[in-house]
Amino acid sequence: MSDPSSINGGSVVAMVGKDCVAIGCDMRLGMQALTVSNDFPKIFQFNNAFLGLTGLATDVITLSEVFRYKVNLYNLREERKIEPETFANLVSSTLYEKRFGPYFVGPIVAGINSKSGDPYICGFDLIGCINFAKDFVVGGTSSDQLFGMCESLWEPNLEPDDLFETISQALLNAQDRDALSGWGAIVYVITKDKVVKRLLKTRQD
Amino acid sequence: MADRYSFSLTTFSPSGKLVQIEYAFQAVNQGVTSLGIKASNGVVLATEKKSTSDLIDASSLSKISNITPDIGMVYSGMGPDFRVLVDKARKSSHTNYKRIYNEYPPTRILVQDVARTMQEATQSGGVRPYGVSLLVGGYDADNGFSLYQVDPSGTYFPWKATAIGKGSTSAKTFLEKRWTEDLELEDAIHIALLTLKESVEGEMNGNTVEIGVIGPASDHLLGFEGVKNIQGPRFRKLSPQEIDDRLDAI
Chain C
1 MSDPSSINGG SVVAMVGKDC VAIGCDMRLG MQALTVSNDF PKIFQFNNAF LGLTGLATDV
61 ITLSEVFRYK VNLYNLREER KIEPETFANL VSSTLYEKRF GPYFVGPIVA GINSKSGDPY
121 ICGFDLIGCI NFAKDFVVGG TSSDQLFGMC ESLWEPNLEP DDLFETISQA LLNAQDRDAL
181 SGWGAIVYVI TKDKVVKRLL KTRQD
Chain S
1001 MADRYSFSLT TFSPSGKLVQ IEYAFQAVNQ GVTSLGIKAS NGVVLATEKK STSDLIDASS
1061 LSKISNITPD IGMVYSGMGP DFRVLVDKAR KSSHTNYKRI YNEYPPTRIL VQDVARTMQE
1121 ATQSGGVRPY GVSLLVGGYD ADNGFSLYQV DPSGTYFPWK ATAIGKGSTS AKTFLEKRWT
1181 EDLELEDAIH IALLTLKESV EGEMNGNTVE IGVIGPASDH LLGFEGVKNI QGPRFRKLSP
1241 QEIDDRLDAI
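First to last, the protein sequences are chains C and S. The opening residue of the first sequence carries number 1 in the working numbering; numbering runs sequentially from there. The opening residue of the second sequence carries number 1001 in the working numbering; numbering runs sequentially from there.
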């Protein structure tokens, strides 16, 4: 019982394509070696921003509720939806508030700006440092494996269907090399006019 | 000392009025006229820089202030109260917005924040209401150009064109006749100067009148080039020369 970020396990990944983004996660929730659930998704939607949260599960749940509250109040106050870039800065400032007693999470944000149509992805460390990327971002207990898969599989300007195949293979093969991730996977493919959510058929071990 | 004034000094009269706020309105109505006009492509804020003596260095005092690069504010009433509100608005636009979302607040959100500050001074212990009415002009991507008035009570209204202070009633009548939906910024500046002329007592030139404009982004004022997706500030003050040029054209 030591490293909070690898007690429960889990992985997330996001990629940029041609006028689209994709974000995926595994479905495992464990207590070290014991798998407790195969139905623990780690991606949450706030207006047109998608948040992927890995790490300590209690912080994943708490943060998803905190952001739901903050975004709801934003909608009521501003009378408009929050954009992915703005939401990413909200995540960053929320995490930094806990600089000396942090949430043990590795968040990533993905979405398409409703005004400009530009795809946006970024990742953060547990205290909110924004890692803005033009290609892909990774997080979780199989982040090293995800880096390897993404670096070799990703290419620019993939169409939505091709982006889906690429991100799915990156996620599947990375989580299969990680004891603490897996037990199912979900991939969202986001374009300007629609979002397609697919459940992947994976090894259940 | 503090416990003697921990109750609100603004209390209801039997007729249901808050007399302190009524008196604050009096302070505003004795103040120098200010006006704001919303055009299709900008907002104009204008005021007279009334000096009690020719020895006053008028150029060192600024009655129209910017709060964010895209939002400016002018007042009628007590100058010191305006200064305090400007400082609070500038600070709050950072602490309550930019340091959370990394973007400047939209005009309405900023206005609501200032309005809340002014309302709190009508329901707190040991303080008096602010003796100013404010005209806030700004731009944001979702709502375009907007003009708001904030009163000592904390009420705020959006306006197409309005005036506050001493000559506000006649100025508003004047503006009602002149304002149209498709006014352009230059027309609005022209109308603002004409309206001010009605209430200005002394000489009217670039040094006795202040004009602030929220218009097209001034990328040359950024201080650097070559960065995409960054726009320059929309708020700028007209120089005395620019004002004189327009006064000549009247």
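Note that beta-carbon positions come from the ideal geometry of N, C-alpha and C, so glycine has one too. Just so we're clear, the structure is a prediction, and the values are computed from it rather than from any experiment.
Residue i beta carbon near the ligand NAP (any heavy atom closer than 7 Å)
i	result
residue 40/C	For the structure depicted, the ligand NAP is absent and the ligand set is empty, with no information on it obtainable.
Paired residues, beta bridge with residue i - DSSP
i	result
residue 74/C	BP columns for residue 74/C are empty, so no partner.
residue 26/C	185/C
residue 1059/S	Residue 1059/S pairs with nothing; no bridge assigned.
residue 1068/S	1071/S
residue 1144/S	1140/S
Close Cβ partners of residue i (< 8 Å) along its chain, the five nearest in sequence each way excluded
i	result
residue 62/C	103
residue 1250/S	1190, 1193, 1194 and 1197
residue 153/C	166, 169 and 170
residue 1006/S	1125 and 1126
residue 126/C	5, 55, 95, 102, 103, 104, 105 and 106
As assigned by DSSP and simplified to three states, the class of residue i
i	result
residue 205/C	coil
residue 91/C	helix
residue 211/C	Nothing in the structure corresponds to residue 211/C, since chain C is present only between 1 and 205.
residue 40/C	coil
residue 1256/S	This structure does not reach residue 1256/S, given that chain S is present from 1001 up to 1250, and the question cannot be answered.
residue 144/C	helix
residue 1028/S	helix
residue 46/C	strand
residue 1133/S	strand
residue 110/C	strand
residue 119/C	strand
Separation of residue j from residue i, as counted between CA atoms
i	j	result
residue 146/C	residue 174/C	5 Å
residue 1075/S	residue 137/C	49 Å
residue 193/C	residue 166/C	21 Å
residue 1173/S	residue 1155/S	22 Å
residue 1119/S	residue 1229/S	37 Å
residue 114/C	residue 20/C	12 Å
residue 31/C	residue 159/C	38 Å
residue 1164/S	residue 133/C	50 Å
residue 149/C	residue 17/C	16 Å
residue 52/C	residue 77/C	25 Å
residue 1131/S	residue 1057/S	24 Å
residue 1113/S	residue 39/C	43 Å
residue 22/C	residue 123/C	14 Å
residue 1065/S	residue 1214/S	12 Å
residue 91/C	residue 106/C	11 Å
residue 1020/S	residue 1049/S	27 Å
residue 1069/S	residue 1219/S	11 Å
residue 143/C	residue 75/C	33 Å
residue 1041/S	residue 1241/S	23 Å
residue 178/C	residue 13/C	14 Å
Close Cβ partners of residue i (< 6 Å) along its chain, the five nearest in sequence each way excluded
i	result
residue 1231/S	1217
residue 1222/S	1232
residue 1047/S	1034, 1063, 1074 and 1210
residue 1136/S	1073, 1111 and 1148
Cut-off 7 Å between Cβ atoms - residues of its own chain near residue i, not counting five sequence neighbours on either side
i	result
residue 1030/S	1166
residue 1088/S	1117
residue 37/C	29
Integer Cβ distance of residue i from residue j, believed to fall under 8 Å
i	j	result
residue 140/C	residue 54/C	4 Å
residue 1140/S	residue 1162/S	Not a contact, Cβ separation roughly 20 Å.
residue 11/C	residue 181/C	4 Å
residue 50/C	residue 71/C	About 12 Å separates the two Cβ atoms, so there is no contact after all.
residue 120/C	residue 108/C	Not quite, the Cβ-Cβ distance comes to about 11 Å (not below 8 Å), so this is no contact.
residue 1036/S	residue 1028/S	Not really, about 15 Å apart at Cβ, beyond 8 Å.
residue 93/C	residue 1100/S	5 Å
For this session: May I ask you to list, following chain order, the residues of the stretch 57-83 of chain C that have a beta carbon less than 8 Å from some beta carbon of chain D?
Result: The structure shown contains no chain D; its protein chains are C and S.
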